[in-house]
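Engineer: In this note's numbering, the protein residues as written are 2 to 293.
The beta-carbon is built from N, C-alpha and C at its ideal position, and this holds for glycine as well.
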């Protein structure tokens, strides 16, 4: 009799454990399903404008597939950078949906840190409001502020760029002693040619580390160029003949123009076929002009 009772208890305990195990599996599956679900705050068609303030008013418009700075359409905009920003707000995804936004002050959404207004090609205008930080995320609400979400901090990071960060800069090639074939430096009417392997090795050190720094003027006039020491009578030119890194049979050339120094000792520089003036690191320029 005692053995039967013990067996019954064991069977009962086993049944309870099986139920608990089954419930745990269901809970885990639900948790996994929930974590895999994407919370879409807003999904718009292709954007045609985006405006916000991050200390400066920034407004961009898209016309015929090209993004422009709304206040000056001649300003050279990096299309990939703007497309990345636009894609964030074209399909805004949340980490969590908190529900009704009664106490907007508690989330920093009554007076939001950022207000981003976009319009899509269908003419739909949407405003996104971003408030306080929520751990690694930020609180966000949309339009009538009826629902609050948390979104990735990447959304806020995407808004931290200044207008200068959106500029499409000229490109300077990757140069080394392996692909440079000839360099001609012209200064005060005097030309210095680097053509032998040893000569090229010496000047390649500077050319190989040269990069175009901050853009000082994206549309320099003749009077501007004179101010930068980049007029034809004052500038130093460095004409580089080189082989394309992707196709060694393709020969190319580029001419770097070097002007005067700024107050910090860096040089004003530009490419010969561009109106954009940049800063060039002083030590790098010295290595180009006085190779060891």
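Quick one: Cα of residue 107 to Cα of residue 95, how far?
Structural biologist: 19 Å
Engineer: Hey, residue 120 and residue 60 are a contact pair by Cβ (cut 8 Å); roughly how many whole angstroms apart?
Structural biologist: With 8 Å as the limit, residue 120 and residue 60 do not qualify as a contact, their Cβ atoms being about 11 Å apart.
Engineer: Buried or exposed: which applies to residue 89, given that a residue is buried once 16 or more other Cβ atoms fall within 10 Å of its Cβ?
Structural biologist: buried
Engineer: In chain order, which alpha helix (DSSP H) runs of at least 4 residues are fully inside the segment 101 to 161?
Structural biologist: Taking only runs of at least 4 residues, the alpha helix (DSSP H) segments lying wholly in the segment 101 to 161 are 154 to 158.
Engineer: Alpha carbon to alpha carbon, how far is residue 280 from residue 215? Give it in angstroms, no decimals.
Structural biologist: 6 Å
Engineer: Here's a check: name, in chain order, each residue in its chain whose Cβ is nearer than 6 Å to the Cβ of residue 237, leaving out the five neighbours to either side.
Structural biologist: 188, 259
Engineer: Rounded to the nearest angstrom, how far is the Cβ of residue 150 from that of residue 99, given a contact under 8 Å?
Structural biologist: 6 Å
Engineer: Runs of 3 residues minimum, wholly inside the segment 222 to 268: which ones carry the beta strand (DSSP E) assignment?
Structural biologist: 237 to 244, 252 to 262
Engineer: Would you give the residue range spanned by the alpha helix (DSSP H) that residue 285 belongs to?
Structural biologist: 283 to 290
Engineer: Starting from residue 203 and walking both ways along the alpha helix (DSSP H), at which residues does that stretch end?
Structural biologist: 198 to 208
Engineer: Return the chain-ordered list of same chain residues with a C-beta closer than 6 Å to the C-beta of residue 184, the five sequence neighbours on each side being excluded.
Structural biologist: 195, 204, 241
Engineer: What are the start and end residues of the alpha helix (DSSP H) that includes residue 89?
Structural biologist: 80 to 91
Engineer: Assuming residue 231 contacts residue 255 (C-beta within less than 8 Å), just tell me the rounded distance between them.
Structural biologist: A Cβ-Cβ distance of about 16 Å is found for the pair residue 231 and residue 255, leaving them out of contact under the 8 Å criterion.
Engineer: From the DSSP secondary-structure annotation, give me the bridge partner or partners of residue 62.
Structural biologist: 50, 69
Engineer: How is residue 37 classed by DSSP in three states: helix, strand or coil?
Structural biologist: With a pLDDT of 45 at residue 37, under the threshold of 50, the modelled position of this residue cannot be trusted; read the value that follows with caution. If DSSP states are grouped into helix, strand and coil, residue 37 belongs with the helices.
Engineer: Touching or not, the segment 172 to 184 and the segment 139 to 146, by the rule of three or more beta carbon pairs under 8 Å?
Structural biologist: They do not touch, by the three-pair rule.
Engineer: What residue range is occupied by the uninterrupted beta strand (DSSP E) comprising residue 192?
Structural biologist: 191 to 195
Engineer: According to DSSP, simplified to helix, strand and coil, what is residue 45?
Structural biologist: coil
Engineer: Starting from residue 169 and walking both ways along the beta strand (DSSP E), at which residues does that stretch end?
Structural biologist: Taken as a continuous stretch (DSSP letters only), residue 169 belongs to no beta strand (DSSP E), as it is neither H nor E.
Engineer: Looking at the structure shown, is residue 176 part of a helix, part of a strand, or coil, going by DSSP?
Structural biologist: coil
Engineer: Tell me which same chain residues have a C-beta within less than 7 Å of the C-beta of residue 292, skipping the five on either side of it?
Structural biologist: 203, 204, 206, 207
Engineer: Output yes or no for whether 8 Å exceeds the beta carbon distance between residue 173 and residue 79.
Structural biologist: With contacts defined by Cβ atoms closer than 8 Å, residue 173 and residue 79 do not form a contacting pair.
Engineer: What span of residues does the beta strand (DSSP E) with residue 184 cover, start to end?
Structural biologist: 181 to 188
Engineer: So which of 160, 212, 164, 137 has the shortest CA-CA distance to residue 152?
Structural biologist: 137
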